[in-house]
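J.: Supplied in structure tokens, the structure appears directly below.
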Amino acid sequence: MRAEGLTALSCAKSLSRAPVLPRCAAKQLGQQQRHRSTATPDSTLAELSPRWLSDVKQRLGHCITWGLKPDQTQEAGKILQEIARDWRDLLAGREGFLTSKQRRSTFRQQVVWGEQDSMGHVNNVVYNRYAETGRVDWFLKLARVDPSNAEAWRTILTPKDLGLLLKSIRTDFKFPMKYPDHVSIYHKLGTEPVEGTDSFIMDVMILSEVHQRPAARCVEDCVLYDYRVAKKTPLRPFMLDVLRETWKLQEETKRINSQRVVALLDRVRKLEKGSWDREGAVEDMGSASS
Numbered sequence: 003m004r005a006e007g008l009t010a011l012s013c014a015k016s017l018s019r020a021p022v023l024p025r026c027a028a029k030q031l032g033q034q035q036r037h038r039s040t041a042t043p044d045s046t047l048a049e050l051s052p053r054w055l056s057d058v059k060q061r062l063g064h065c066i067t068w069g070l071k072p073d074q075t076q077e078a079g080k081i082l083q084e085i086a087r088d089w090r091d092l093l094a095g096r097e098g099f100l101t102s103k104q105r106r107s108t109f110r111q112q113v114v115w116g117e118q119d120s121m122g123h124v125n126n127v128v129y130n131r132y133a134e135t136g137r138v139d140w141f142l143k144l145a146r147v148d149p150s151n152a153e154a155w156r157t158i159l160t161p162k163d164l165g166l167l168l169k170s171i172r173t174d175f176k177f178p179m180k181y182p183d184h185v186s187i188y189h190k191l192g193t194e195p196v197e198g199t200d201s202f203i204m205d206v207m208i209l210s211e212v213h214q215r216p217a218a219r220c221v222e223d224c225v226l227y228d229y230r231v232a233k234k235t236p237l238r239p240f241m242l243d244v245l246r247e248t249w250k251l252q253e254e255t256k257r258i259n260s261q262r263v264v265a266l267l268d269r270v271r272k273l274e275k276g277s278w279d280r281e282g283a284v285e286d287m288g289s290a291s292s
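For the sequence shown, position 105 matches number 107 in this note's numbering, and the numbering has no gaps at all.
Spelled out as structure tokens, the structure:
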């Protein structure tokens with residue numbers, strides 16, 4: 003019994019990032035999930051709450067505080083380890099953002115105190131700067147992916163020959179982020195590139211490392227511009243090839259991580275049905291003699 007208690011305690015410590023709920027609130031959350039579990043066959047990943055990762059931690063915490071058998075405690079620990087290690091893949095990857103070191107945009111950029119406004123929140127204009135930084139990093143990664151055209155990919159970020167212009171940007175703010183924090187910035191193609199196009203849409207996720215959810219999302223309309231003739235120009239064949247391959251990788255990343263999220267939610271639901279949500283369940287209140 004002592005080993006079981008230590009394992010449960012270790013799992014509980016792993017939930018420190020999630021908000022701590024009173025027991026009655028946790029039970030209410032669990033009861034709500036009982037009737038509309040995110041892992042039910044009728045649900046889709048598109049219906050997931052933006053805070054689904056925090057909800058999963060709360061659901062696991064409720065299972066642990068209710069009382070788990072040794073094998074269930076071990077399973078809860080494995081789920082928490084996977085979340086702690088791969089939470090960026092689960093959040094951003096399931097939407098098709100490439101999260102590998104070779105392809106991601108900007109990783110864990112520090113939020114500095116001076117980026118806050120008088121209300122103590124990161125100023126709205128700063129998010130567009132984050133998106134700009136991520137966009138530059140994203141194209142520099144393409145130079146590494148396509149070394150034979152590396153110079154052309156790097157030059158596209160300068161006002162020489164062929165250059166990339168930002169036609170428009172729309173930013174949706176999700177919550178007021180504060181210092182201290184770090185942001186990971188992810189870019190992806192919003193539409194599949196086609197031959198003859200001179201522009202493309204990019205989706206942006208600005209991810210708070212402290213809150214482990216998007217602080218803002220952007221949509222960028224980018225145009226390829228020929229400075230020599232002062233007008234837009236179609237994507238070059240080598241650009242089209244690389245961007246099409248990137249689109250395929252995005253779709254595969256979305257498929258793989260969506261399956262991972264479904265499997266993870268199923269595992270959490272199984273723990274719920276084996277603990278507080280099983281027929282005749284009685285909460286483990288501990289021993290009075292201990």
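Beta carbons are placed, not taken as given, at the ideal position from N, Cα and C, and that holds for glycine.
Can you check which of these residues, Gly-276, Met-121, Ser-201, Thr-193, is closest to Arg-238 by C-alpha distance?
T.: Checking every option, the nearest Cα to that of Arg-238 belongs to Ser-201.
J.: Alpha carbons only, please: which of Leu-93, Val-206, Val-124, Trp-278 is nearest the one belonging to Trp-54?
T.: It is Leu-93 whose Cα lies nearest to the Cα of Trp-54.
J.: Here's a check: name, in chain order, each residue in its chain whose Cβ is nearer than 7 Å to the Cβ of Gly-122, leaving out the five neighbours to either side.
T.: Here the set comprises Lys-180.
J.: Going by alpha carbons, who is nearest to Pro-178 out of Asn-126, Leu-167, Pro-72?
T.: Minimum Cα distance to Pro-178 is reached at Asn-126.
J.: If distances are taken between C-alpha atoms only, which option among Leu-50, Glu-49, His-64, Lys-59 comes closest to Gly-276?
T.: Gly-276 has its Cα closest to that of His-64, out of Leu-50, Glu-49, His-64, Lys-59.
J.: Whole-angstrom Cβ separation of Glu-211 and Arg-280, contact assumed at under 8 Å?
T.: That belief does not hold up - the Cβ atoms of Glu-211 and Arg-280 are roughly 36 Å apart, past 8 Å.
J.: Please report the straight-line C-alpha distance between Leu-82 and Trp-115, rounded to a whole angstrom.
T.: Leu-82 and Trp-115: Cα-Cα distance of roughly 31 Å.
J.: Output the boundary residues of the beta strand (DSSP E) element that contains Gly-190.
T.: For clarity, residue 190 is Lys in the given sequence; the question names Gly instead. First-last of the beta strand (DSSP E) with Lys-190: 183–191.
J.: At a cut of 8 Å, does the segment 217–228 reach the segment 165–173 through at least three beta carbon pairs?
T.: Because the criterion of three Cβ pairs below 8 Å is met, the segment 217–228 and the segment 165–173 touch.
J.: In whole angstroms, give me the CA-to-CA distance for Arg-146 and Arg-230.
T.: Their Cα atoms are separated by approximately 26 Å.
J.: At the level of alpha carbons, what is the spacing between Arg-172 and Ile-85?
T.: Cα to Cα, Arg-172 sits roughly 30 Å from Ile-85.
J.: Considering only residues of the same chain and omitting the five flanking positions on each side of Gly-198, which have a CB-CB separation below 6 Å?
T.: Pro-236, listed in sequence order.
J.: Closest by CA to Glu-247, which one among Lys-256, Asp-268, Pro-195?
T.: It is Pro-195.
J.: Going by C-alpha to C-alpha distance, which of Leu-142, Ile-66, Ala-154, Lys-143 sits closest to Phe-240?
T.: Checking every option, the nearest Cα to that of Phe-240 belongs to Ala-154.
J.: Since Val-113 sits in a beta bridge, which residues does DSSP pair it with?
T.: Paired residues: Asp-183.
J.: Taking 8 Å as the CB-CB cut-off, is Glu-134 touching chain C?
T.: Absent from the structure is chain C; it holds one protein chain and no more.
J.: Using the C-alpha atoms, what's the distance from His-189 back to Ile-203?
T.: Those two C-alpha atoms are separated by around 10 Å.
J.: Return the chain-ordered list of same chain residues with a C-beta closer than 6 Å to the C-beta of Pro-43, the five sequence neighbours on each side being excluded.
T.: With a pLDDT of 37 at Pro-43, under the threshold of 50, the modelled position of that residue is not reliable, and no figure is offered here.
J.: Report the CB separation of Asp-303 from Arg-219 in whole angstroms; it is logged as a contact under 8 Å.
T.: The structure shown does not extend to residue 303, since the chain is modelled only from 3 to 292, so the question has no answer here.
J.: Need the endpoints of the beta strand (DSSP E) that Ala-217 sits in, please.
T.: First-last of the beta strand (DSSP E) with Ala-217: 215–228.
J.: Quick check on the DSSP output: the beta strand (DSSP E) that includes Met-121 runs from which residue to which?
T.: First-last for Met-121: undefined, no H or E at that position.
J.: Below 8 Å between beta carbons: does that hold for Leu-273 and Gln-76?
T.: No, the Cβ-Cβ distance between Leu-273 and Gln-76 is not below 8 Å.
J.: State the DSSP-derived secondary structure class of Asp-73, mapped to helix, strand or coil.
T.: Asp-73 falls in the helix class under three-state DSSP.
J.: Excluding the five sequence neighbours on either side, which residues of its own chain have a C-beta within less than 6 Å of the C-beta of Arg-90, listed in chain order?
T.: Result list for Arg-90: Thr-101, in chain order.
J.: Going by DSSP in three states, Met-3 sits in which element: helix, strand or coil?
T.: The pLDDT assigned to Met-3 is 37, lower than 50, so where the model puts this residue is not dependable; a value taken from the coordinates is nonetheless given after this. Met-3: coil per DSSP, three-state reduction.
J.: Within a Cβ cutoff of 7 Å, which residues of the same chain sit near Gly-95, ignoring the five residues on either side of it in sequence?
T.: Thr-101, Thr-255, Asn-259, listed in sequence order.
J.: Quick check on Ser-120: buried or exposed, where buried means 16 or more other Cβ atoms within 10 Å of its Cβ?
T.: Ser-120 is exposed by the Cβ-count criterion.
J.: Name the DSSP beta bridge partners of Ser-201, please?
T.: Note: Ser-201 sits in a beta bridge opposite Val-225.
J.: Looking at C-alpha atoms only, which residue of Lys-233, Lys-234, Ser-186 is the closest neighbour of Phe-99?
T.: Nearest option by C-alpha distance: Ser-186.
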